[in-house]
Amino acid sequence: MTKTNAGNFFEDFTVGQVIEHATPRTITEGDRALYQSLYPSRFALPSSAEFARQVGLDVHPVEELVGFHIAFGKTVPDVSLNAVANLGYAECRFHRPLAPGDTLRTSSEVIGLKENSNGKTGVVYVRSTATNQRGEVAIDWCRWVMVHKRDADSPAPDPVVPDLRIVVPAEDLVVPAGLDFTDYDFVAAGEPHRFGDYEVGERIDHVDGVTLTDPEHVLATRLWQNTAKVHFNTQARPDGNRLIYGGHVISMARALSFNGLANAQLIAAINAGAHVGPAYADRTIYAWSEVLDKAETGAPGVGALRLRLVATRGRDESMTLRDEDGKYRDGVLLDLDYWALIPV
Amino acid sequence: MTKTNAGNFFEDFTVGQVIEHATPRTITEGDRALYQSLYPSRFALPSSAEFARQVGLDVHPVEELVGFHIAFGKTVPDVSLNAVANLGYAECRFHRPLAPGDTLRTSSEVIGLKENSNGKTGVVYVRSTATNQRGEVAIDWCRWVMVHKRDADSPAPDPVVPDLRIVVPAEDLVVPAGLDFTDYDFVAAGEPHRFGDYEVGERIDHVDGVTLTDPEHVLATRLWQNTAKVHFNTQARPDGNRLIYGGHVISMARALSFNGLANAQLIAAINAGAHVGPAYADRTIYAWSEVLDKAETGAPGVGALRLRLVATRGRDESMTLRDEDGKYRDGVLLDLDYWALIPV
Amino acid sequence: MTKTNAGNFFEDFTVGQVIEHATPRTITEGDRALYQSLYPSRFALPSSAEFARQVGLDVHPVEELVGFHIAFGKTVPDVSLNAVANLGYAECRFHRPLAPGDTLRTSSEVIGLKENSNGKTGVVYVRSTATNQRGEVAIDWCRWVMVHKRDADSPAPDPVVPDLRIVVPAEDLVVPAGLDFTDYDFVAAGEPHRFGDYEVGERIDHVDGVTLTDPEHVLATRLWQNTAKVHFNTQARPDGNRLIYGGHVISMARALSFNGLANAQLIAAINAGAHVGPAYADRTIYAWSEVLDKAETGAPGVGALRLRLVATRGRDESMTLRDEDGKYRDGVLLDLDYWALIPV
């Protein structure tokens, strides 16, 4: 009997099944420093404990994506080790800031299954929930992945496709307890642009580019204990390239978006996300954003912007997402739809 | 008079000599994060402060190898700066968990000397002891290295070869104070296999591979303040390659062994170790283990497995250590014999 | 209206202007670990909390250059994003040790402006001051950079060239409160050489070399939130090379200088600095030092050495700074003049 984990195949999932993922993980100040070293982030709140205190928080949170990557990484050995592709995200909410000393666990419920017509693969839908050491929900999200069947001849399950919301409604956004932007320090934050300065439909070219390298993305992906072989092992793919973890691209694009969105300090929710194209070392990544919506929140001085964050291979000053035929334009790597909190 | 350290040569060592190594070093949460970033470790105990608390520890230890690499690194400038080869390890014991805030110092006693028949090199045996800020022994170990003579004409010392034990007896293993595996959380740890599930002679192919890169191993080796030139300087060797620190291979193999040995949470001792072949960037490293022995410990719920951990260049599903003529098989990089603590 | 920062051009600066830089940054133990991982430093004081305590400090400082790089990085988006070259440093003093938990802000005053005769660029002189969370000065320094004009036709300002001191006088050096080297542990520090063992004019070849890589310097530079495009983006320069941040070379050379200057534990001031040549990946960097001056300080057991630290591409055992015609010798990358504190 083998003792090693070969991961789950499509047949191993049933709707309603709950998987408790392994490897609880304590966040440390080392994570903050490594994140800073890996991504060109300059958001004042995760950078400065003083800034965090001044906006009413009683801890110094790490970036929301630190928590997301850690929580997500735990699901990989059970959900996506045999995945063909990570198809999408929805309904991701950040319920409370995470700070050094917090320990995360993740569990996932299978909420949908649909075999593909080729009979060789199927789509698995899960809702994952990361909780802290007090059992409080920290992050939850849905994602769906295409997974290999172990045996093409095994029968297809009854298809169940969950009804996921296209966007997290603004009234469901969680603003961290205590957050108050009324005395917000725009000089420390780096830009004067506030909620009222952004218009729906506006696009922002974030200007800067970063050339990707293999050692950096494997350091990042390993930090999150994400074990997918394609990221680490040049023998895992015919072309010998290490496929870059999609979350590395998300974090890089989010950090690049500082230039133009410096006051979008916190991510409150991820509405949708698609890894449109693969990323590899030596490519130079750029980002642009589009303002999709705006909303008030009940918190003092805090507004919410719904943003589309697009990462591209090479700079696209035209900021064009799709070709005339509706397909993603060549060079688009990421299309991420999220809510950020910003001073009004 | 030069002020720089040229390292010791074979003639500089005498049996009984004690060397106090420089550079005390405080362990931090940054070391934990970097270790996680450098090696694909998913052992629950060093990953989660909650898990450590639940198994009875009053600190959140870093991996034992963090302590070992730091303690070992201090010996390099005095013992092995002019080493031709690191020949072996024995009698390494971990006397107490190390956690952020602990400061390590190392001293070494020369316990053996034997000139080689070529008259140009000799073997130096040392017993090294790392102590914490309270002067308590944290780790001790023996190693022997082949060192250049300064002058081939200098006379050979009387040969002294210490009588080192082939294996640390199970009754000499130190179980950390308070460790109690009776309420061990197998779900959090990631695998159900316990002490009773492993049989002597059993081999486990750890399946996963990691492709090595130069920036990663130099970041690791420098973190441990190991100064051996061959790791950092492409001009230090005729072939222009940076030789990868053997400890990097140990840590990589230990982390890979999670897949099949997830519950072997702590290393209690290293009985023997040989760096069989050199490792360089761009090679993909795999690991397999063999169960060599099993033993009870006095601690509640805690058993000990004696394991052989083998790292290979490329995967060897046959898990063959030696050829028919008794030589290590081509591609074997590391043969490490250690005791791990595991729930019964 | 664009929301992104295009940086300031020569016309945007006026003498007397004060710029409050963005992105306050809290130092953490993660910074200490990453610094250790990036540079081969073995100085006992930043390495060991016990050593710091034993020499009278009530915190465990990070290396002075950690503070310098962080403080400097904040000035880049406002001062040198459009810089042609970083021309020099002067009058840099370290006013107090910085430790995890300290938060730095930086502001700069424009103290000089001089258009170049080509009409396309000009030199901007700034005095920058980094303060901690209590508003106390932590580091201040002057630097001058050559910056592009936005429009070659805009009129030249009246030239103002500040009168900067060639060297910080010894009596102006700040010794950290409490520092006492009378019971200094030379064994822990790694070398016996004290103040009295160094002579003015003495040169020390630091022997060791480190081969540079791209991932390492971008991890470093990003950690300091330095945003200059040329360090990160292979598309930012015609040759496709990532130019290595000059501060990376300073830190590498300072760490290499341990071998021969192990007791030069703290940097008290930087008198002058020139990045003589560009550094790129795959080059191997070495360092040598020259003792320029010596001075007493009022602190118990603490002397000051004024040192020239020279980084070279490839080893220069002749330790020659300039050719016969007075130009920097080919291969010189850095010429740094600083004051270090050392036990008498």
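Chains A, B and C, in that order, give the protein sequences. Just so we're aligned, residue 2 is where the first sequence starts under our numbering, counting upward by one. Just so we're aligned, residue 2 is where the second sequence starts under our numbering, counting upward by one. Just so we're aligned, residue 2 is where the third sequence starts under our numbering, counting upward by one. Heads up, the beta-carbon is just placed ideally off N, CA and C, and yes, glycines get one too.
{"Query": "Can you pull the chain C neighbours of B/R26, defined as C-beta to C-beta under 8 angstroms?", "Result": "S48, S49"}
{"Query": "Threshold first: 3 residues or longer. Then list the beta strand (DSSP E) segments lying entirely within the stretch 240 to 317 of chain B, N to C.", "Result": "267 to 276, 285 to 297, 303 to 314"}
{"Query": "Using a Cβ-Cβ distance cut-off of 8 angstroms, determine whether B/A45 contacts chain C.", "Result": "no"}
{"Query": "When you compare the CB of A/F14 with every CB in chain C, is at least one pair closer than 8 angstroms?", "Result": "no"}
{"Query": "How would you list, in chain order, the residues of chain A whose beta-carbon sits under 9 angstroms from the beta-carbon of C/N6?", "Result": "G191, E192, V208, N260, G261, A263"}
{"Query": "Quick one: what does DSSP say B/K4 is sitting in, helix, strand or coil?", "Result": "coil"}
{"Query": "Could you tell me which chain B residues have their CB closer than 9 angstroms to the CB of C/V188, listed as they occur along the chain?", "Result": "E21, H22, A23"}
{"Query": "Closest by CA to A/R195, which one among A/L220, A/A270, A/K295, A/A157?", "Result": "A/K295"}
{"Query": "With a threshold of 8 angstroms between beta-carbons, can A/G248 be considered close to chain C, or not?", "Result": "no"}
{"Query": "Would you call A/D159 buried or exposed, if buried means 16 or more other Cβ atoms sit within 10 Å of its Cβ?", "Result": "exposed"}
{"Query": "C/T76 by DSSP, collapsed to three states: which one?", "Result": "helix"}
{"Query": "Under a CB-based cut-off of 8 angstroms, is C/F182 close to chain B?", "Result": "no"}
{"Query": "Could you give the distance in angstroms between the alpha-carbon of A/A171 and the alpha-carbon of A/W340?", "Result": "8 angstroms"}
{"Query": "Of all the residues that make up the stretch 65 to 79 of chain C, which are near chain A by a beta-carbon distance shorter than 7 angstroms?", "Result": "none"}
{"Query": "Measuring straight from C-alpha to C-alpha, what distance separates A/D13 and A/H22?", "Result": "15 angstroms"}
{"Query": "Should B/S109 go down as buried or exposed, given a rule of 16 or more other Cβ atoms within 10 Å for buried?", "Result": "buried"}
{"Query": "Note the first and the last residue of the continuous alpha helix (DSSP H) segment covering C/R54.", "Result": "50 to 55"}
{"Query": "What does the Cβ neighbour count give for A/N119, buried or exposed, with the cut at 16 atoms within 10 Å?", "Result": "exposed"}
{"Query": "For C/A256, return the contacting residues in chain A, with the cut-off set at a CB-CB distance below 7 angstroms.", "Result": "In chain order: nothing, as chain A lies at least about 17 angstroms away."}
{"Query": "At a CB-CB cut-off below 8 angstroms, which residues of chain C make contact with B/A34?", "Result": "G31, A34"}
{"Query": "Starting from the C-beta of B/E116, find all residues in its chain whose C-beta is less than 6 angstroms away, skip the five residues before and the five after it, and write them out in chain order.", "Result": "G123, A157"}
{"Query": "Output the residue ranges of the beta strand (DSSP E) runs that lie fully inside the stretch 188 to 250 of chain C and measure 3 residues or longer, sorted by chain position.", "Result": "204 to 206"}
{"Query": "For the stretch 142 to 155 of chain A and the stretch 48 to 68 of chain A, state whether three or more C-beta atom pairs, one from each stretch, are separated by less than 8 angstroms.", "Result": "no"}
{"Query": "Around the C-beta of A/G17, are 16 or more other C-beta atoms found within 10 angstroms, so that it is buried, or is it exposed?", "Result": "exposed"}
{"Query": "Take B/A280 and list the residues in its own chain whose beta-carbon comes closer than 6 angstroms to its own, dropping the five residues that flank it on each side.", "Result": "I245, V250, L334"}
{"Query": "Output needed for B/E291: all residues of its chain with C-beta closer than 6 angstroms, excluding positions within five of it in sequence on either side, in chain order.", "Result": "R204, R309"}
{"Query": "Tell me which same chain residues have a C-beta within less than 8 angstroms of the C-beta of C/F187, skipping the five on either side of it?", "Result": "P193, R195, N264, P344"}
{"Query": "Answer yes or no: does any C-beta atom of chain B fall closer than 8 angstroms to that of C/I343?", "Result": "no"}
{"Query": "Could you name the residues of chain A that B/S38 contacts, counting a contact when the two beta carbons are closer than 8 angstroms?", "Result": "L35, L220, A221, R223, L224"}
{"Query": "Does the count of Cβ pairs from the stretch 271 to 289 of chain C and the stretch 233 to 245 of chain C closer than 8 angstroms reach three?", "Result": "yes"}
{"Query": "Does C/P216 have its Cβ less than 8 angstroms from a Cβ in chain A?", "Result": "yes"}
{"Query": "Have a look at C/A254, C/A91, C/D317 and flag the residue whose alpha-carbon is nearest the alpha-carbon of C/N272.", "Result": "C/A91"}
{"Query": "At which residues does the beta strand (DSSP E) containing C/Y90 begin and terminate?", "Result": "84 to 95"}
{"Query": "Compute the Euclidean distance between the alpha carbons of B/D338 and B/K328, then round it to the nearest angstrom.", "Result": "17 angstroms"}
{"Query": "Relative to the alpha-carbon of B/G261, which residue among B/W225, B/H149, B/V208 has its alpha-carbon at the smallest distance?", "Result": "B/V208"}
{"Query": "Would you check if the stretch 97 to 113 of chain A and the stretch 121 to 135 of chain A touch, i.e. whether three or more CB-CB distances between them fall below 8 angstroms?", "Result": "yes"}
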